[in-house]
Structure formats: structure tokens, C-alpha cells
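Here is the structure we will look at, set down as C-alpha cells.
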Amino acid sequence: MVVFSTSQGTASSSFHCALANLEKAVLDYVFDRVCVLGFKPVSVPDLVSKEVTEACGYTLLDEPDVALSGTAEMGISALLRNKTFAEEQLPLRVVALSRCYRPEVSSSASEAKLYRVHEFTKVEMYVTCTPEQSEAELDYLVQIQKGTFESFGLHCR
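If you read the sequence shown in our numbering, its first letter stands for residue -8, the second for the next number, and so on.
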């Protein structure tokens, strides 16, 4: 059962019983699948500093010192910030399972027809690599995503 609740705010939902179990099973399956491929698991915080959000390209309008993370990418970026890697250490592949929080405020007509949620859980793959490795790594990430969908019997392009 999915419950859309106005008490939780707009674009909020909660899963119950079998659907909550299914969500957890899918997330665990995908996370484990990516780990088996050699991605290093990391755990990231839900709260990140203003400095981190801005370094990741997000501007906070109300100027708080900390904010709820919009993506695990922010926590991973903070973890790897100011680190130097030898070329033989790359590509560095990590994976995180995290809650993501998005304001998703848009006045765009093309986006107005999309249903957007403000809080969700996702598995994030993150790669640090050389510029020469970049295209091959992107292709590898897409291949993993396609393979994951296909493992559920779903088709994608």
C-alpha cells in the first residue's frame, strides 16, 4: 500500500507492509549487485554543510549552515574532497545507499507535468577517474544500470 498524505506535506508518501519490504529488498539487491562489481560501499550523512552543497553546484536560498543532502554524491564528494590519487588507484568506484531530499521547485512548463517527490532512497554509483577514463566509466555505469533493469525483466534504452 502507498499512502499519499497531506499531513506529511505535498509530494510525500510512505510505503506500508509488503510494499515497504519490496522497497528494501530492491534497494538491497541493487546495492549488493553493485558491490559485487567491485564498487566500495560507503555510508554518507543526511546532513551536509553549506560549503559542500555549494561545491556540488547547489545554492541554498535561505543560507543555513547545514542542509539535508539532495544526493549521496554530496557526502561522497565531501569524503573525497582535497584527496589526491595516483593514476594507478583510478578509477575509484564507490556506492552509497542514502535518503535524498529535494525541494524540486520548478516553474518550467515541461516539468510541471511531472510528479516529483521530495524525499526518497536511492543507490548512487560514484566514480573518480582520469579524463581519459571518463567516457569508458560513463559507459560502464550505463551498462550496470541497463543490466539491473534487465535483471528485473524490464527493458530500457
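For every residue, glycine included, the Cβ atom is placed at its ideal position computed from N, Cα and C. Note that the structure is predicted; figures quoted are calculated from it, not measured.
Decide if residue 39 is buried, meaning its Cβ has at least 16 other Cβ atoms within 10 Å, or exposed.
With 16 or more neighbouring CB atoms inside 10 Å of its own CB, residue 39 falls in the buried class.
Could you say which of 79, 55, 86 and 43 lies nearest to residue 73 if we only look at CA atoms?
43
Are there 16 or more other CB atoms within 10 angstroms of the CB of residue 111, so buried, or fewer, so exposed?
exposed
Taking the straight line between their C-alpha atoms, what separation do you get for residue 131 and residue 122?
Going from the Cα of residue 131 to the Cα of residue 122 covers about 15 Å.
For residue 32, list the residues DSSP reports as bridge partners.
Looking at the DSSP output, residue 32 sits in a beta bridge with 86.
What first and last residue would you give for the beta strand (DSSP E) that runs through residue 62?
Residue 62 -> no beta strand (DSSP E), and no H or E assigned at all.
Compute the Euclidean distance between the alpha carbons of residue 36 and residue 60, then round it to the nearest angstrom.
8 Å
Quick check on DSSP: helix, strand or coil for residue 100?
For residue 100, the predicted structure reports a pLDDT of 48, less than 50, and the residue's modelled location is therefore unreliable. A value from the coordinates is still provided. In the structure shown, residue 100 sits in a helix (DSSP, three-state: H, G or I).
For residue 57, I'd like the list of residues in its chain whose CB is within less than 8 Å of its CB, leaving aside the five on either flank, ordered along the chain.
If the five residues before and after residue 57 are omitted, its C-beta is found closer than 8 Å to the C-beta atoms of 38, 39, 40 and 41, all from its own chain and listed in chain order.
Which word fits residue 25, buried or exposed, when buried means at least 16 other C-beta atoms lie within 10 angstroms of its C-beta?
buried
Can you find the residues in the same chain that come closer than 7 Å, C-beta to C-beta, to residue 100, ignoring five residues on each side of it along the sequence?
Only weak support is given to the placement of residue 100: the predicted model assigns it a pLDDT of 48, under 50, and the value that follows is read from those uncertain coordinates. For residue 100, where only same-chain residues beyond five positions count, there are no Cβ hits under 7 Å.
Applying the criterion that 16 or more other CB atoms from any shown protein chain within 10 Å of the CB defines a buried residue, is residue 50 buried or exposed?
exposed
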